[in-house]
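Structure first, commentary second.
There are 2 protein chains.
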Amino acid sequence: MPGGELALRLLGAFRDLIDALHMELAARGHPDVRPGHGFALQAIAPAPVTGSELAGRLGVTKQAAGRTVDVLAERGYVARTDDPADARRRLVVLTPRGRELLALSGEILERLRSQRAAAMGPERFAAFEDGLRTLTDGGGGPFAAAGWFVSS
Amino acid sequence: MPGGELALRLLGAFRDLIDALHMELAARGHPDVRPGHGFALQAIAPAPVTGSELAGRLGVTKQAAGRTVDVLAERGYVARTDDPADARRRLVVLTPRGRELLALSGEILERLRSQRAAAMGPERFAAFEDGLRTLTDGGGGPFAAAGWFVSS
DNA sequence: CTTTTCGGTCAATCATGTTGACGATCCTAG
DNA sequence: CTAGGATCGTCAACATGATTGACCGAAAAG
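Chains A and B, in that order, give the protein sequences. The opening position of the first sequence corresponds to residue 1 in my numbering, with each subsequent residue numbered one higher. The opening position of the second sequence corresponds to residue 153 in my numbering, with each subsequent residue numbered one higher.
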């Protein structure tokens with residue numbers, strides 16, 4: 001496999017997964033969530049975060065993170081709450097709809113993975129995942145991937 | 153490996169490759185080419201194409217493709233030529249600099265792949281590539297990946 | 001020859017990111 | 001306790017890359 005083909009296939013595999021995920025999400029009540037939003041939601045899920053923390057995790061400016069939060073709040077996935085301990089901070093938390101979306105996404109992704117494992121054969125798939133894990137261990141944080149594609 | 157982690161690692165592996173590629177390209181005389189441009193150049197390389205054909209291959213509108221060609225032409229990687237057989241068409245061709253860039257990219261990607269294969273062990277890497285190939289066979293065309301990440 | 005299709009471009013708009021600046025708030029050293 | 005600095009969130013201006021809609025000239029179809 002030439003080096004260029006390797007890169008193309010990695011992207012293709014990722015895109016196939018994400019496209020299938022969002023097709024299914026759209027069909028199940030979440031037509032207005034975009035791939036990029038998933039990163040933000042996953043970064044918000046573990047615990048309430050501030051805009052600055054979110055920006056750091058996503059690798060964007062705090063202004064861009066704030067804008068993403070605006071969109072997610074408009075669509076009902078997150079809410080801003082005041083921090084009683086610090087009047088500067090506005091904590092972003094998941095709404096029930098946001099939690100539902102994450103749970104649904106996890107379930108769908110799990111099924112997509114199972115389908116691929118079954119189609120390929122469990123042993124071959126395990127070997128594939130083993131290689132992928134080795135390839136990506138030591139890479140940057142999991143979320144710093146939203147906007148790196150663009151530029152002049 | 154949970155389904156979400158699978159997707160994240162696929163993207164991470166791709167991003168690592170492309171980041172390393174463009175770091176190296178920048179250091180070797182091509183600091184102003186962007187990841188998205190690579191897709192366009194590869195789509196142009198096999199034979200002269202029109203803007204509409206390019207748009208189809210990249211999965212964007214003809215206006216967006218035309219704009220990409222503008223940028224690549226400004227930077228000396230492609231040139232527009234008139235088609236003597238059809239006055240409507242403006243064929244886009246690679247310049248020598250464009251061909252040099254593609255050759256260099258292929259060489260660098262090949263080395264990046266070899267490094268990863270050596271680090272992991274040739275047998276494990278072969279198994280990994282075998283799985284990846286199986287996973288992505290039957291997927292969409294190779295280039296329809298430039299702009300799918302964005303949206304409202 | 002007329003009508004339709006096709007290729008390319010212009011214009012307006014949208015989505016997403018950036019930098020720079022700024023008020024409000026908190027923290028900390030004196 | 002207070003003054004200075006750091007942090008959080010936001011506003012404004014701008015850049016980039018994409019979109020839709022409209023249009024003109026040229027080719028193809030009838």
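Ideal Cβ placement from N, Cα and C applies to all residues, glycine included.
Between the beta-carbon of A/T95 and that of A/A79 there is about 5 Å, and that keeps the pair under the 8 Å contact cut. Excluding sequence positions up to five before and after B/A197, its CB lies within less than 7 Å of the CB of L246 and L254, all in the same chain and listed in chain order.
Residue pairing of A/L94 in beta bridges, as defined by DSSP: A/V78. The CB of B/M272 comes closer than 8 Å to the CB of G131, T134 and L135 in chain A, given here in chain order. The shortest CA-to-CA distance from B/G188 to any of A/L11, A/R90 and A/E129 is the one to A/L11. As the crow flies, the alpha-carbon of B/G250 is around 10 Å from that of B/G190. Residues of chain A whose Cβ lies closer than 7 Å to the Cβ of B/R265 are, in chain order, G3 and L6. As summarised for the region 17-94 of chain A, the continuous alpha helix (DSSP H) elements at least 4 residues long and confined to that stretch are 35-44, 51-58 and 62-74, given in chain order. The beta-carbon of A/A127 is placed less than 9 Å from the nearest beta-carbon of chain B. At a C-beta separation below 9 Å, B/G258 has these neighbours in chain A: P2, G3 and G4. Using a Cβ-Cβ cut-off of 9 Å, A/R88 is close to nothing in chain B; its nearest Cβ partner there is about 30 Å away. In this structure, DSSP gives A/D130 a helical state, which the three-state scheme calls helix. Chain order gives the chain B residues near A/R124 as A279, D282, G283 and T286, where near means a beta carbon separation below 9 Å.
Between A/R9 and B/L210 the beta-carbon gap is near 18 Å, outside 8 Å, which marks them as no contact.
For B/P154, the secondary structure class from DSSP, reduced to helix, strand or coil, is coil. Against A/I44, chain B offers no close residue; the least beta-carbon distance is about 15 Å (beta-carbon pairs closer than 7 Å). A/T136 is not a Cβ neighbour of B/M272, given a cutoff of 9 Å. Residues of the region 9-29 of chain A with a C-beta less than 9 Å from any C-beta of chain B: R9, L10, L11, G12, A13, F14, R15, D16, L17, I18, D19 and L21, listed in chain order.
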